[in-house]
Amino acid sequence: MTSTTRPFLNRRLAEFGTTIFAEMSALALRTGSINLGQGFPDTDGPEEIREAAVRALRDGRGNQYPPGPGVPELRTAVAAHQRRYYGLSYDPDTEVLVTAGATEAIAATLLALLEPGDEVIALEPYYDSYAACIAMAGGTRVPVTLRPHEGAFRLDLDELRAAVTDRTRLLLLNTPHNPTGTVLTRAELTAIAELAVERDLLVVTDEVYEHLVFDPAGHIPLATFPGMRERTVTISSSGKTFSYTGWKVGWVTGTAELVTAVRSAKQFLTYVSSGPFQYAVAEALALPNTYFEGFRADMQAKRDLLSAGLTDAGFTVFQPTGTYFVTADIRPLGESDGLAFCRALPERAGVVAIPNAVFYDHREAGAPYVRFAFCKRVEVLADAAERLRKAFAH
Ligand SMILES: *Cc1c(COP(=O)(O)O)cnc(C)c1O
């Protein structure tokens, strides 16, 4: 083969063509459907935070390359937030790293921590960038499937234990979990932590939905468990919590050794990003509890509205305890192939959803499930629910 007949996309990435979101968003546009596919809010976050970004821009803060680890104001605010909500203490100078969203944090962490051939255990269905980043880092992904149990997708701890081999380097977790809406329980997290200590594994936890937990128990970071602080890289982001997903301000917290390793990879990806927005997010993290409580209550009401609509339409709904996604089973509608269902849904009902199967290696395990985002205005959700009822309820 000559240089132009060989496929341009290398073998590591060949399996990750264009994402389902591109296909479904195009379909939404073409059919004039309500897009509950991609998870971004249709209203912006707090006005005062937007004004903080404007002020930073005007005052010339962050318009030139900010410091590599992030502006000190934001690193201090991240450390203060981890202490305020979880009692975790991190040194803002050595144990906090600002990234271009959680997406870059995930990429940099995996690129930094993995040697080619290392195995990474990830909960399946998984967030779409995990598989691609593990592949880019030369790692091997080992999915452990979350399975429906008493109305929620749960982790089978025996299956998790059985997945660990001598080549396992790290566990890649996500709680609250996208797309299932599952929040790992204290008991599950305890067992995961014990396993990580016993098998000497690193843990990377994606906690971008930390402020969207509808269970009164709230979010429990894995780093708070015994023996975990020194082996855990915690990843979060401002996008979901403050409804500014376009700003791409994320962060990593962990020991100085882990954060230094992640920074070594991050410096060659974006180097730095989102200068003025970093100052605005520093202010956002210091908002009073009423903001975080109000945000969660608002999303909980939206969850209940869409869940009720889906149930009325005939879906079996897995009521999420976290995130802004709801997963539904299409089998009560006489359907079994979520991908075909989602491709037809815009014509049938004027609504776009995402087939969960695309987030699985074991596609058959995810075939009958579809994901709807409820981070949309109430009138949009009510309209979508009505369209689904009309299309399916008899
Ligand atoms: C949205 C999302 C991300 C990406 O966050 P950004 O800050 O926008 O890069 C990462 N992980 C999960 C589970 C998400 O849902």
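What the sequence shown shows, in the working numbering, is residues 17 to 410, in sequence order.
Where is the CB? At the ideal position from N, CA and C, for every residue including glycine.
Keep in mind it's a predicted model, so treat the numbers as computed, not measured.
Asked	Found
Supposed close pair residue 238, residue 211 - CB separation, criterion 8 Å	The Cβ separation is near 12 Å, so there is no contact.
Terminal residues of the beta strand (DSSP E) in which residue 170 lies	168-170
Cβ-heavy atom distance, residue 125 to ligand 2, below 7 Å	This structure simply doesn't include ligand 2; it includes ligand 1 instead.
beta-carbon residue 376 near ligand 1 non-hydrogen atom, thresh 7 Å	no
DSSP three-state assignment for residue 223, whether helix, strand or coil	coil
Per-residue burial, residue 10 [other beta carbons within 10 Å of its own, 16 or more giving buried]	There is no way to answer for residue 10, as the model of the chain reaches only from 17 to 410.
Of the residues 309, 193, 230, the one placed nearest residue 252, counting alpha carbons only	193
Beta strand (DSSP E) segments (min. 3 residues) lying fully within the region 92-139	112-115
Given 8 Å, three or more beta-carbon pairs between the region 353-367 and the region 23-30	no
Under 8 Å between C-beta atoms of residue 411 and residue 184	This structure gives no information on residue 411, because the portion of the chain shown stretches from 17 to 410.
Nearest candidate by alpha-carbon position, reference residue 399, set 380, 100, 367, 385	367
Whole-Å CB distance - residue 186 paired with residue 207, under 8 Å assumed	That belief does not hold up - the Cβ atoms of residue 186 and residue 207 are roughly 17 Å apart, past 8 Å.
Cβ neighbour criterion (16 or more within 10 Å) applied to residue 280	exposed
Test item: CB-CB of residue 114 and residue 263 under 8 Å	no
C-alpha gap between residue 73 and residue 89, whole angstroms	15 Å
heavy atom of ligand 1 below 7 Å from residue 224 C-beta	yes
Nearest-angstrom Cβ-Cβ length linking residue 147 and residue 32, presumed shorter than 8 Å	7 Å
Given 8 Å, three or more beta-carbon pairs between the region 338-354 and the region 384-391	yes
Residue 49 - partner residues in DSSP beta bridges	DSSP, once it has assigned bridges, lists no residue as partnering residue 49.
Ligand 1 heavy atom lying under 7 Å from the CB of residue 15	Given a span of 17 to 410 for the chain in the structure shown, any question on residue 15 remains unanswerable.
Proximity below 8 Å, CB of residue 57 to CB of residue 391	yes
Where residue 169 falls, given that 16 or more other Cβ within 10 Å makes a residue buried	buried
Contact check, residue 272 vs residue 128, beta carbons under 8 Å	no
Which of helix, strand or coil DSSP assigns to residue 228	coil
Residue 217 to residue 329 span [Cα, whole Å]	44 Å
C-beta atoms of residue 228 and residue 338 nearer than 8 Å	yes
heavy atom of ligand 1 below 7 Å from residue 51 C-beta	no
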